[in-house]
Structure formats: structure tokens, C-alpha cells
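The block underneath contains the structure these notes are about, expressed in C-alpha cells.
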């Protein structure tokens, strides 16, 4: 029974129910055909056109009462009061009152305790197609708040926490507005929206409506410089997020082809007015994982905290785009001849072509940092060796360990040590790091996480035979690694087992069921067109892998056959092998020639030269001085 003495005598909805249009359920029974497609069925009455149940058949005096009506604040009924006897402290009700109709007094509806719903609208699309104009117009017409997540041009690399800061600041005063419109949600890469979604969920919100401006890529569009590699990268990022990462919900797709800006804005507003925003949204983002049981970390504060700890402990410069060390030169005969004496203390390791990551043990969890996108994954199903190491190691700034690794074919290949407790890899000799790796992670010989084996230079042939998945042999200098730098004294010898390169594709054209793209490679910090060698991809492959201008693809180079008998050879072209899902840069020009062409120094000759080198473990200089004294 209601505690309100003026409540009507009929049954009212339970206080735990959503006081919506249907007292028998949250939304009542719905024909599954109408779910998110009500506009396709004219006989179905849209929800926003239905009259509220609370307003049907009620006197006008009962409508639109606010929660602060004086009658809503009377004293509750005493437990000892007789049934039907209203309680009023200080005097008894007269018989005349009891004999009257219960509705003689002004009726007040039971107050609603449901929180105000903040509508979240996101506007997506390529650059310079009118996103900002449309977003601002939506905010103006609907009295929502507009917020842009585009970092300033001089901001450089922006942390996830700094990226979502405008949304966090706006949500701090969310009781002062009815909705927000988010612009530039894909500013750095396609994973930016996951940080925004995490912040919204923390405040009990979610994406309600997505407005997508669909248009063709225009290379001549004013304000976009597609000579900039970053712009070539952002184009497929925004496209792929819309095409592959959004699931369900209210989506407004505005066709921008052939429309000017005013027409685009008008069409967006027209379609948005047809969307039932009051209905609970079903928009979700596709789950992202680097490997099984290794999901993307979406909490921007957590990601920023872990990466800041890694950068601080390793002492990385702001310009460092990765925490580990990379080889800067390929091994050739002339280099080997000059460095033969030094190679006595070098060690070699199989080099896997894949995505470089750092394996981080931070506080009570194990993470994988992918520098190419500067995103973090949590390794939930970690091997026992790593779990024990995390618990037993005394942490430095919350960090128990940092290992260098390569991710390829759903496996994690651990290759080097950057940090273990208070010991830094940059202060250790290569043989010291190798001994420590074998001691702590020696049991990681199979499974999803494996420790790569190390060899002295003289065992180069053994290294090649025992590691058939290796794409090269890495010669590592005996001194401490240069963390966050390209190490000019580490050398890579490609094995040419699969002659593939990573290319950025651009300017695609479709003819006869085949797509033809221009190929770009990296050269001195920028990207250069590979003249006269296009990339050919069948249309069904483009659809299957969601390939678009700006993607990084692994390709092989082949001779084109021409003529009816296919005997004549024409020009060269690249053939698609795989999509580089986690890569953000193509291979350098120098490496492309070395990986694709036949080696100038055959591997059997290199193996013979290495076999003649006697291994001498490196020692610290102070030890050498004591021995000589």
C-alpha cells in the first residue's frame, strides 16, 4: 500500500519498476521485427508518438505535478493506524472526511526516482567532410553540450588520460544539461573510442546515437595533407572503426556524396529527428584482444599509469616511440670483416618478423604494451613462470619486470630483458641478461609465451636449423642495450625464408574485379612511393579483410605474366599475403631491397665465417683492469 494518503485506490506500479509507458514491463512486449527497425513498418506506431500512460484518462489537475509539491511531504502513516484511516499528527479525521470520496482531495502522482538520462551522440567520418559543423548544429538545436577530443597540433603524443580529459571535465557537471555531442573521437587511432566508452560507463552512460558521414576519399580536399603519413594512417582508422568496431544501436548514416555542407547538415538533422533517442541504446564496441585471454585495457587512467611507470623506470626520452632496442643495420660481408674480432663476444638470437611489444609485470597484473598504437593489453592467462616472477620480485615503482618480446601468429616470443626488480638491462652485459633469462624463464619452451634461445656467434648454423619460424638472425652487441633507441651495433641478417615486405597502400582503383593500389615504403622519417610496382588485390579479399587506403599489408613481389600463354614476363607487382593488423609503419626502403631480393652474401657462407669465431664471454671493464694489473 502506498504511504501517500492521497494516492488513488487502484494498484500502482511497484517502486522497483521503471515508470515508463508499460506498467507490465520495462518496454512491454515488442515484436522482434520492430527491434531498431520501426521505420520499416508503417503500421507500427513509433514509441515517441505514443501518449504516456500516466497522461491517459487523468484530470488535467493531476498532470505535470513536480516532485516538490507540498502534498508530497506529509507525514507517513503510523503502523498502529486502522486500515483506511489516514494519519495526521495532532488531530483525528472526521467522519465527514472518511465518508467522502478518496479523490476529493488534490491527487499527486508518486514521485519518480529515475535519474535523468544524459544522451550521448557521436559524430564520425573522414576529415573535412563536415563532422564539426554537424556536431555543433546538433548541440545547438537540441541544447546539448559540444566537446571535441582533437588534440592541439603542438601537443605531440597524448596520453589516454589526457585524451579523455575534456569528456571527464564535462561529465563532472552532467546535471546541468540533457546531452553531449562528441566530435573527433577517432583522433589518433581506432582504439581511442574505447577510452571514451570506459569513461561513459563509469558515469552510468553509454553511446546512444552514432551519426556517420559517409563520403569518398578526396585527395585534393582543402585542409587535408595526405602527403603526411599520419593523415594516411588516420583515414583507414576512422573508416575501419565505423565498419568493424561498432555493433547495433541507433546509427544515422548520412550520404555526403554530391552534397554541399548545408545539405549534409540538413540531412543529418532530418535523420536524427527520426531516431527514438529515449529508447535504451544497444550500441556496443567490438571486443579487442591481442591474443586469446589478452583483452585491450580500456581504462585510460590505468593505461596512462602503467606506461608512465615504464617510461620513468627505464628513463625513456620523450621522443622514444618504443622501450626496447632495434637493429639499425643489416649484416653484410664488409661489416662482418671489420667487426670479426668484436663478434667473439656477440651473441645471436632468432629474429621473428612480427609486432614488437614489451611484457610488463606491474603491481598484481601482467600487461603487453604495443608501441605501434601505444595501447595496452592485459595477459590474463599468463604462464606459471611469469606469475611466480611477479609475486616474488621486489618491484621498482610498481614494476616487477619488463621484457622485450615479439608477437607473431598468436604467440609471444620473449627475446630480451629490460628490467627485473632493481636490475636494468641497459646496465648489464648480454651474457648476464641471457643467464638471468634462462634462470627465470627457462621453462617457457612451448605454449603461447615462449623464451627465444640464445647462441654464441659460432653456432649460427644451429640457430638457423633449430628455429624454422625465424625470419633472420640478430647479432646482439655485448654491452648494455640502448633502451628506446636504434642500436647501430646490433646487426640483422635476413634468412629470406619468406620474401615479404610491409607496404602502405594508397589511391586504390577498381578494374575487372581487381583492386590496384600504390605502394609506399618508409624513408628518412617520411614515406616514399615505390615507383612502377603496384599492389594487386582481388575484390573478395578486400571485403574479407576490410582493406582500405592507408592500411599496412604484408606482400610479396612477383613478375607479372602477360600474353595468352603466360610465358612472357611483364612488369613487377606486389601480391597480398596478409593484413598487418597492429603495424602503423611500412618497411624502410633499404630493408625492402634486402628482404625481397636474393642475398648478396649467402647464408651458408656466413655460417662458415661464424663457425671460425671462438666465443669469449664479455666481462666488465673494471674486471679487465683488475686482471691486467
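Numbering (UniProt numbering), first residue to last: 1 to 629.
Built from N, CA and C at the ideal position, the CB exists for glycine as well.
Boundaries of the alpha helix (DSSP H) around residue 387: 384-392. In its chain, beyond the 5 residues on either side, 554, 556 and 577 have a beta carbon closer than 6 Å to the beta carbon of residue 500.
DSSP, read as helix, strand or coil, puts residue 509 in strand. For residue 159, same chain residues with a beta-carbon under 6 Å away, outside a window of 5 residues either side, are 304 in chain order.
Taken in chain order, the complete alpha helix (DSSP H) segments of 4 residues or longer contained in the region 419-480 are 430-441 and 460-466. Closest by C-alpha distance to residue 419, out of 434, 429, 407 and 403, is 403.
The alpha carbon of residue 605 has as its nearest neighbour, out of 333, 445 and 266, the alpha carbon of 333. Under the DSSP definition of a beta bridge, residue 357 partners with 405. By the C-beta density criterion, residue 315 is exposed, having fewer than 16 other C-beta atoms within 10 angstroms. Note that the C-beta distance between residue 211 and residue 268 is below 8 Å.
The continuous alpha helix (DSSP H) containing residue 312 extends over residues 300-314. Remark: C-beta atoms of residue 381 and residue 370 do not approach each other more closely than 8 Å.
Collapsing the DSSP output to three states places residue 187 in coil. A Cβ-Cβ separation of about 7 Å places residue 548 in contact with residue 240 under the 8 Å criterion. The region 329-343 makes no contact with the region 441-448: fewer than 3 CB pairs, one atom from each, lie closer than 8 Å. A direct Cα-to-Cα measurement between residue 608 and residue 300 gives close to 52 Å. Our two residues, residue 302 and residue 199, have alpha carbons roughly 12 Å apart in a direct line.
Taken in chain order, the whole beta strand (DSSP E) runs of length 3 or more contained in the region 130-157 are 145-148. It is roughly 51 Å from the alpha-carbon of residue 149 to the alpha-carbon of residue 342.
The region 490-550 is shown to contain whole alpha helix (DSSP H) runs of 4 or more residues at 539-544, in chain order. For residue 192, there is no enclosing beta strand (DSSP E); the residue is part of the alpha helix (DSSP H) that begins and ends at 192-202. Pairing residue 229 with residue 187 gives a Cβ-Cβ distance that is not under 8 Å. If you look at residue 211, you'll find it in the beta strand (DSSP E) that goes 209-214. Secondary structure note for residue 348: its beta strand (DSSP E) is the uninterrupted segment 347-351.
Ranked by how close their Cα comes to the Cα of residue 529, the residues 482, 592, 134 and 378 have 592 in first place. By the Cβ neighbour-count rule, residue 135 is buried, with 16 or more other Cβ atoms within 10 Å of its own. According to the DSSP assignment, residue 250 belongs to the beta strand (DSSP E) that extends over 250-255. Here the alpha carbon of residue 154 sits roughly 21 Å from the alpha carbon of residue 524.
The shortest C-alpha to C-alpha distance from residue 309 to any of 195, 191, 387 and 395 is the one to 395. Bridge partners of residue 375 according to DSSP: 370.
In the displayed model, residue 591 falls within a helix according to three-state DSSP. In this structure, the beta-carbon distance from residue 466 to residue 611 does not fall below 8 Å. By the criterion of at least three beta-carbon pairs nearer than 8 Å, the region 269-276 is not in contact with the region 233-248.
Only residues of its own chain outside the window of five on either side were considered, and among them 121, 135, 138, 139, 144 and 146 have a CB closer than 6 Å to the CB of residue 181, listed in chain order. Distance from the CA of residue 313 to the CA of residue 512, rounded to the nearest whole angstrom, comes to 55 Å.
Within the same chain, and ignoring the five residues on either side of residue 324 in sequence, the residues whose Cβ sits closer than 8 Å to its Cβ are 356, 358, 404, 416, 418, 481, 483 and 484.
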